[in-house]
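*Asks:* One structure, as C-alpha cells, below. Some questions next.
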Amino acid sequence: MKQLDYQLRAIDELVAKTVKLLNEGGRRNKLVFEAPTGAGKTVMACQTLAGIVDALKSDGRNRFEEVAFIWFAPRRLHIQSYNSLQGAFTEGRELRPVMFDDLDKSQGIQPGEILFVNWESVNKDSNLMVRDTEASASLYEICRKTRDELGLPIVAVIDEEHMFWSSTADKSADVLNKINPDVEIRISATPKTTQYKEKVRVSRKDVIAAGMIKREVVLNADLAEGVTEEVALNNHLMAKALEKREQLAQAYKDLGIDINPLLLIQLPNDKKESMTTEDEAISEFVRNYLATLKDISVENERLAIWLANEKANLDGLSNPDNPTQVLLFKEAIALGWDCPRAAVLLIFRKMASDTFTVQTVGRILRMPQQHHYTNDRLNVGYVYTDIAKDRITIATADADYIRKSALLATRRSDIFNITLPSTYSKRLNDTRNYFGPDFRKVFFEESEKFWNVVQPAYSLFSLAELIALRDDSESVDGKLPETDDDRINENRRRVENVLRLDVKNINVPIPKDVHFQNEEQVLNIENQTVKFARKVHEIDRVFISWVSGFVTMFENKNNPADKLASYLLEMMAEFFGMFDTDAKKVILYNENRPKFDRLIRQAIERYIKIREVKKQKAASQQLETWEWSVPEQRLYDEETHSIGEAKNHALTPFVELNRASAPEREFFEFLEKNTDYIEWWYKNGDSGRQNYAIPYTTVGGGTSLFYVDFVIRLRNGRIFLFDTKSSGSEPLTAHLKHNALIDYITAENEKGEQQLAGGVIVKDGENWIWSRFKVEDTINHEGWDYFDPKRENSK
Numbered sequence: 004m005k006q007l008d009y010q011l012r013a014i015d016e017l018v019a020k021t022v023k024l025l026n027e028g029g030r031r032n033k034l035v036f037e038a039p040t041g042a043g044k045t046v047m048a049c050q051t052l053a054g055i056v057d058a059l060k061s062d063g064r065n066r067f068e069e070v071a072f073i074w075f076a077p078r079r080l081h082i083q084s085y086n087s088l089q090g091a092f093t094e095g096r097e098l099r100p101v102m103f104d105d106l107d108k109s110q111g112i113q114p115g116e117i118l119f120v121n122w123e124s125v126n127k128d129s130n131l132m133v134r135d136t137e138a139s140a141s142l143y144e145i146c147r148k149t150r151d152e153l154g155l156p157i158v159a160v161i162d163e164e165h166m167f168w169s170s171t172a173d174k175s176a177d178v179l180n181k182i183n184p185d186v187e188i189r190i191s192a193t194p195k196t197t198q199y200k201e202k203v204r205v206s207r208k209d210v211i212a213a214g215m216i217k218r219e220v221v222l223n224a225d226l227a228e229g230v231t232e233e234v235a236l237n238n239h240l241m242a243k244a245l246e247k248r249e250q251l252a253q254a255y256k257d258l259g260i261d262i263n264p265l266l267l268i269q270l271p272n273d274k275k276e277s278m279t280t281e282d283e284a285i286s287e288f289v290r291n292y293l294a295t296l297k298d299i300s301v302e303n304e305r306l307a308i309w310l311a312n313e314k315a316n317l318d319g320l321s322n323p324d325n326p327t328q329v330l331l332f333k334e335a336i337a338l339g340w341d342c343p344r345a346a347v348l349l350i351f352r353k354m355a356s357d358t359f360t361v362q363t364v365g366r367i368l369r370m371p372q373q374h375h376y377t378n379d380r381l382n383v384g385y386v387y388t389d390i391a392k393d394r395i396t397i398a399t400a401d402a403d404y405i406r407k408s409a410l411l412a413t414r415r416s417d418i419f420n421i422t423l424p425s426t427y428s429k430r431l432n433d434t435r436n437y438f439g440p441d442f443r444k445v446f447f448e449e450s451e452k453f454w455n456v457v458q459p460a461y462s463l464f465s466l467a468e469l470i471a472l473r474d475d476s477e478s479v480d481g482k483l484p485e486t487d488d489d490r491i492n493e494n495r496r497r498v499e500n501v502l503r504l505d506v507k508n509i510n511v512p513i514p515k516d517v518h519f520q521n522e523e524q525v526l527n528i529e530n531q532t533v534k535f536a537r538k539v540h541e542i543d544r545v546f547i548s549w550v551s552g553f554v555t556m557f558e559n560k561n562n563p564a565d566k567l568a569s570y571l572l573e574m575m576a577e578f579f580g581m582f583d584t585d586a587k588k589v590i591l592y593n594e595n596r597p598k599f600d601r602l603i604r605q606a607i608e609r610y611i612k613i614r615e616v617k618k619q620k621a622a623s624q625q626l627e628t629w630e631w632s633v634p635e636q637r638l639y640d641e642e643t644h645s646i647g648e649a650k651n652h653a654l655t656p657f658v659e660l661n662r663a664s665a666p667e668r669e670f671f672e673f674l675e676k677n678t679d680y681i682e683w684w685y686k687n688g689d690s691g692r693q694n695y696a697i698p699y700t701t702v703g704g705g706t707s708l709f710y711v712d713f714v715i716r717l718r719n720g721r722i723f724l725f726d727t728k729s730s731g732s733e734p735l736t737a738h739l740k741h742n743a744l745i746d747y748i749t750a751e752n753e754k755g756e757q758q759l760a761g762g763v764i765v766k767d768g769e770n771w772i773w774s775r776f777k778v779e780d781t782i783n784h785e786g787w788d789y790f791d792p793k794r795e796n797s798k
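All the letters of the sequence shown, read from the start, carry residue numbers 4 to 798 under my numbering.
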C-alpha cells in the first residue's frame, strides 16, 4: 500500500498520543482510532507500533524505553493481522509478531513483541488461555510478569473495536481489567467507546480524495426500469444486479483495464452462520437463475460459494482478472475479507429488518488500483436489496449482529453515575419466558372484544367465493360474497367500517436510486420507491417475520412465532371465514395492520399478567442482591424498540419500547422539559438481572419483583425513583409497590450515603403527583404532592 498524507498524519498523531498517555501513567488509558473501511487501518496500526518503539528509544525523557504489545481481534481476524505484520518490520525495529503458542510463557511478553490473541479464546473463564495449568501460565499471569518482573508497560490494540460491544460486553471489560494495560488503542470504522482520553480520526473525505475508496454508494440503481405487474421482486433484483456488474465489466474493458468486477450475493438470515430453510430456498433460487439465464455456475468457475458447509472457487478470488463473476455468501465473509474488485452487492434481507451494516457494504468500496477512474460509474459502489421500509438503518455489525439485531445505546460521558442495591430472582429468570397454548383462550377473548364479533361454532366459507374480486393495484371495493354461516356474515358486517376484508394484493414499496455514504445513519426514502406486488411465498415470509416481532421476549425453543401465527390464522378463519394466504393479505394490508398490532399487544400484555399471577403462587423464589448502576452499554431488541427523541436520557441514543404506556411517554416528555433542574434520567427495563428492581409483598403474601420505571438524578445530587401509573390502574398491586419503594428509600437514606425519594406517580392535569408516605391505594390522592423538579433541586 502506498504511503498517503492522511495515513502519515494519523500515524504521527497515534504515536504522539500513545507516548503521551504512557508518560502520564495510570492504567487502561483509552485511545480511539477511527478510520473508514478501506483506509488502511492495519497498515497504519502496524506503522504506529513501530513508531512507538522508535519514539520511546529516541527520547531519554520518556517514562519508559521499551514496551510490550497485545493485539486482540475477534473471530479469526487475529491470524490475518498476524500474517500481515510478519515481515513488515526491519530488523532494527526489534518488533516481532508472536502467537500465544510461540510465546515463552515463563518469561512474559518481551520488549517489542506483539502477542496476537483471538478474543473468543479469552472471554470465557473456561478457556485454556486464561487458566493457569501445570504446563502453562495464563494470559493474566503472563501480563503480570511482563509488568512486574520485566518492568514493561503494556499497550493493547483492540482491532474491530465495535465487535466487543455485545451481550458479553461485561465479560470483555472484566478481561481487560485483569490484563490492566497501560494504554488501549481501540480501532474501528465505527467505534463504540465513548469514554476515552484521546482520539485520532481519519475522515472519509480524505480517504475518498486519495482514491482509496469509492466516492458514494447507490442503493437499487435504475430499479424502476422494466418493472411490470408480473415481475417478481427477487427476479428483478437479480436482473438489475447482474446488469450493473456487466456494465462495470464493459467500462473497465473500454478503459483497457483487465479487471473482472465481482457481484456479491448475501443470503437473508445472516444472524446465523448455519443454513436455515429460508437460506436454502434463496440459495436454490439464485443458483437456478444464474445457471439458467446467465450460464454462471460453480462448474464453469463463474460462481463462487462461501457458506458454512460449502466452499467453491475461492482460490485466487481476489485477483483482479479472476474469472468468477458472482460470490454467494453469508455473514461470515464480511469481517476482515478484502477483495478490491468486488463492486456490486445484492443483499436478501429478512423481511422485517430495515438494517444492513457498514462492514458488509464496505466490501464493495475499495478501489482496485487505489485511484479513481475517468468513467465515474467505476467510482461508485452499488447495493441492491429487498428491504421494504420507508427508512433504512446503516448500522454497525457488532458481535451480537450475527445472533440478533439490536439497537445499542451508550452511557453519556458527562453524567455522574449512581449505585443502588437491586434484587433479582433466579427462579423468575428461569420461568418467565414461556409461551404456552393457554394464550389461545386469551387471544380469542381479546379478539371478540376488540372486533365486537361473535365466535361461530363452525365455518362453511369457501375460498372459491373470493375469486370474483375486482382488479386494481391494492384491493377491491365492495363487500365479500355471503357465506352459508350467518354468524360469519354478521361478523363481516360489524367490521366493514374498521377492517378491510376485500384485499387482493399486497404491494411493497422498495427504495430506488438512493445515494448515501457508507456510515452509520438512517435513510428516509419514503418518496423514492417503486412498488412490487408480493407473491405468495413472499407474503408467507413477511407474515412470519411480522409475527415474530411480538414474541421476542418468549423462549425460542417453544416456537412462539409459529404458535401466534397459528392462533391468528385460526381466529381469522373462525370469525371471518378467511383462510391462509387470503387471511395473511388482510392482516398485512397497510390500513389493517396497525389494528392487528394493537390487538396482539393487548392480548400479550394480558397474558403476561396472567402468567405473572401464576408464577407468584409458585414455590418461593431465590432472591439475590447486587449493586446496580446506569450501564455503560445497553442493547435493545430492534423488533420491539426504536430510537426516540430525548436529549437528557442517561444513555444515548434514547431507545424506547414501541408499546410503551401513555403515562411513561408523557412522563419522559415532562422530564425533558425540566432539563435545567435534572442532570439526567434513565428509563429502566422491566425484566432480567441487568435492570433495577426491588422486592415487594404481593396480595397473596408472596414475593415478587418491582422494576421501577424511572431513575432521576437532579443537578443538586438528589435521586428520585418513580413508577408511572394511570389513576386507578393496577388497583390490587400499585399501592403495594409504592409502599415497598417507600420502605426501600427510607432504609437507604438511613445509611446517609445518598438522598432518595420517590414512589408511584400519577398525572393530574398538566402536573404529576406522588405521595412521600405509604398509602392504602393510589386512587385517593389526598395528601399527595406535586413533583416540581425546580423546587426539589433547590433543597
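Glycine included, C-beta positions come from ideal geometry on N, C-alpha and C.
Please name the residue or residues paired with H375 in a DSSP beta bridge.
*Replies:* Locating residue 375 in the sequence shown gives position 372, where the first residue counts as 1. DSSP output for H375 lists no bridge partner at all.
*Asks:* Near D726, which residues of its chain fall below 6 Å by C-beta distance, leaving aside the five closest residues on each side in sequence?
*Replies:* Residue numbering aside, residue 726 sits at position 723 when the sequence shown is read from its first letter. Cβ within range, chain order: V711, D712, V763.
*Asks:* Examine the Cβ distances between the segment 733-752 and the segment 688-707 and report whether three or more of them are shorter than 8 Å.
*Replies:* The answer is yes - the segment 688-707 touches the segment 733-752, with three or more Cβ pairs under 8 Å.
*Asks:* Can you tell me whether DSSP reads G54 as helix, strand or coil?
*Replies:* Counting from 1 along the sequence shown, the entry for residue 54 is found at position 51. Correct three-state label for G54: helix.
*Asks:* Under 6 Å Cβ to Cβ from G647, same chain only, skipping five residues before and after it: list those, please.
*Replies:* As a working note, residue 647 is residue 644 in the sequence shown. Cβ within range, chain order: F657, E659.
*Asks:* Which ranges would you report for the beta strand (DSSP E) in the segment 218-281 if only whole runs of at least 3 residues count?
*Replies:* Counting only runs of 3 or more, we get 219-222, 265-269.
*Asks:* CA-CA distance, P114 and T196?
*Replies:* Numbered from its first residue, the sequence shown carries residue 114 at position 111. Numbered from its first residue, the sequence shown carries residue 196 at position 193. Rounded to the nearest angstrom, the two C-alpha atoms are 28 Å apart.
*Asks:* When DSSP labels each residue in this structure, what does M804 get in the three-state scheme?
*Replies:* It is not possible to answer for residue 804, since the shown part of the chain is limited to 4 through 798.
*Asks:* In terms of DSSP beta bridges, what is R204 paired with?
*Replies:* If you number the sequence shown from 1, residue 204 lands on position 201. For R204, which the question treats as bridged, DSSP gives the partners E37.
*Asks:* Is it buried or exposed for D151, if we count other Cβ within 10 angstroms and need 16 for buried?
*Replies:* To locate residue 151, count along the sequence shown from 1; it is residue 148. Label assigned to D151: exposed.
*Asks:* Any idea which residues DSSP pairs I607 with across the strands?
*Replies:* Position 604 of the sequence shown, counted from the first residue, corresponds to residue 607. For I607, which the question treats as bridged, DSSP gives no partner whatsoever.
*Asks:* At the level of alpha carbons, what is the spacing between D257 and L251?
*Replies:* One-based indexing of the sequence shown puts residue 257 at position 254. One-based indexing of the sequence shown puts residue 251 at position 248. Going from the Cα of D257 to the Cα of L251 covers about 10 Å.
*Asks:* Rounded to whole angstroms, what is the Cα-Cα separation between V440 and K740?
*Replies:* Working through the sequence shown from its first residue, we reach residue 440 at position 437. Working through the sequence shown from its first residue, we reach residue 740 at position 737. The sequence shown places Pro at residue 440, rather than the Val named in the question. The straight-line gap from Cα to Cα measures roughly 30 Å.
*Asks:* Among I509, Y695, L381, which has the Cα closest to the Cα of L265?
*Replies:* Stepping through the sequence shown from its first residue, residue 265 is reached at position 262. The shortest C-alpha separation from L265 is found at L381.
*Asks:* How big is the Cα-Cα spacing for N180 and R692?
*Replies:* Taking the first residue of the sequence shown as position 1, residue 180 is located at position 177. Taking the first residue of the sequence shown as position 1, residue 692 is located at position 689. Distance between the alpha carbons of N180 and R692 is about 22 Å.
*Asks:* Which term fits Q328, buried or exposed, when burial requires 16 or more other beta carbons within 10 angstroms of its beta carbon?
*Replies:* By one-based count along the sequence shown, residue 328 stands at place 325. It counts as buried.
*Asks:* How should N223 be labelled, buried or exposed, when 16 other C-beta atoms within 10 angstroms of its C-beta is the threshold for buried?
*Replies:* Within the sequence shown, numbered from 1, the residue matching residue 223 stands at position 220. When all chains shown are included, N223 counts as buried.
*Asks:* Please report how far the alpha carbon of T555 lies from the alpha carbon of H374, in whole angstroms.
*Replies:* Indexing the sequence shown from 1 puts residue 555 at position 552. Indexing the sequence shown from 1 puts residue 374 at position 371. Straight-line Cα distance between these residues: approximately 46 Å.
*Asks:* Okay, do the segment 519-538 and the segment 214-228 touch, 3+ Cβ pairs below 8 Å being the bar?
*Replies:* The answer is yes - the segment 214-228 touches the segment 519-538, with three or more Cβ pairs under 8 Å.
*Asks:* Counting only the same chain and skipping the five closest in sequence on each side, list residues whose C-beta sits under 6 Å from that of A159.
*Replies:* Working through the sequence shown from its first residue, we reach residue 159 at position 156. Closer than 6 Å at the Cβ level, and outside the excluded window around A159, lie I73, P184, E187.
*Asks:* Can you find the residues in the same chain that come closer than 6 Å, C-beta to C-beta, to K793, ignoring five residues on each side of it along the sequence?
*Replies:* Here residue 793 corresponds to residue number 790 of the sequence shown, with the count starting at 1. Excluding residues within five positions, the ones whose Cβ falls inside 6 Å are Y680.
*Asks:* Would you report the Cα separation of L887 and A649, rounded to the nearest angstrom?
*Replies:* Since the first and last residues shown for the chain are 4 and 798, residue 887 lies out of range.
*Asks:* Apart from the five residues on each side of it in sequence, which residues of its chain come closer than 6 Å, Cβ to Cβ, to S450?
*Replies:* Counted from its first residue, the sequence shown places residue 450 at position 447. Around S450: M574.
*Asks:* Taking the beta strand (DSSP E) that S428 belongs to, which residues open and close that run?
*Replies:* Looking up residue 428 in the sequence shown gives position 425. 423-428 is the extent of the beta strand (DSSP E) around S428.
*Asks:* In whole angstroms, give me the CA-to-CA distance for H784 and W773.
*Replies:* Taking the first residue of the sequence shown as 1, we reach residue 784 at position 781. Taking the first residue of the sequence shown as 1, we reach residue 773 at position 770. C-alpha separation (whole angstroms): 8 Å.
*Asks:* State the Cα-Cα distance for the pair L24 and Q10, rounded to the nearest angstrom.
*Replies:* Start at 1 with the first residue of the sequence shown, and residue 24 comes out as number 21. Start at 1 with the first residue of the sequence shown, and residue 10 comes out as number 7. Their backbone Cα atoms lie some 21 Å apart in a straight line.
*Asks:* With a cut-off of 8 Å on the beta carbons, I'd call L368 and K208 a contact; round off their distance for me.
*Replies:* Position 365 of the sequence shown holds residue 368. Position 205 of the sequence shown holds residue 208. With 8 Å as the limit, L368 and K208 do not qualify as a contact, their Cβ atoms being about 14 Å apart.
*Asks:* Using 8 Å as the threshold, is the C-beta distance between L331 and I268 below it?
*Replies:* Here residue 331 corresponds to residue number 328 of the sequence shown, with the count starting at 1. Here residue 268 corresponds to residue number 265 of the sequence shown, with the count starting at 1. Yes, these two residues count as a Cβ contact at 8 Å.
*Asks:* Around the Cβ of V22, are there at least 16 other Cβ atoms within 10 angstroms (buried) or fewer (exposed)?
*Replies:* Taking the sequence shown and counting its residues from 1, one reaches residue 22 at position 19. It is buried - the Cβ of V22 has at least 16 other Cβ atoms within 10 Å.
*Asks:* Are I513 and F546 closer than 8 Å when you measure CB to CB?
*Replies:* As a first step, residue 513 must be located in the sequence shown, where it is residue number 510. As a first step, residue 546 must be located in the sequence shown, where it is residue number 543. Their beta carbons are not under 8 Å apart, which means I513 does not touch F546 by this criterion.
*Asks:* Is the beta carbon of F553 sitting closer than 8 Å to the one on L567?
*Replies:* As a first step, residue 553 is located in the sequence shown; it is residue number 550 there, counting from the start. As a first step, residue 567 is located in the sequence shown; it is residue number 564 there, counting from the start. A contact, by the Cβ cut-off of 8 Å.
*Asks:* Just to confirm, are M215 and G384 a CB contact at a threshold of 8 Å?
*Replies:* By 1-based counting over the sequence shown, the position of residue 215 is 212. By 1-based counting over the sequence shown, the position of residue 384 is 381. Contact flag unset, no.
*Asks:* Classify W549: buried if its beta carbon has 16 or more other beta carbons within 10 angstroms, exposed otherwise.
*Replies:* Taking the first residue of the sequence shown as 1, we reach residue 549 at position 546. Counting Cβ neighbours within 10 Å, W549 comes out buried, since at least 16 surround it.
*Asks:* Could you please give me the residues that DSSP links to Q113 through a beta bridge?
*Replies:* Counted from its first residue, the sequence shown places residue 113 at position 110. The partner list for Q113 (beta bridge, DSSP) is empty, contrary to what the question assumes.
*Asks:* Within its chain, find whatever has a CB closer than 7 Å to the CB of Y610; leave out the 5 residues flanking it on each side and keep chain order.
*Replies:* Mapped onto the sequence shown, residue 610 falls at position 607. Excluding residues within five positions, the ones whose Cβ falls inside 7 Å are F442, V445.
*Asks:* Using DSSP with H/G/I as helix, E/B as strand and the rest coil, what is K793?
*Replies:* For the purposes of this step, residue 793 is taken as residue 790 along the sequence shown, with counting starting at 1. Three-state result, K793: helix.
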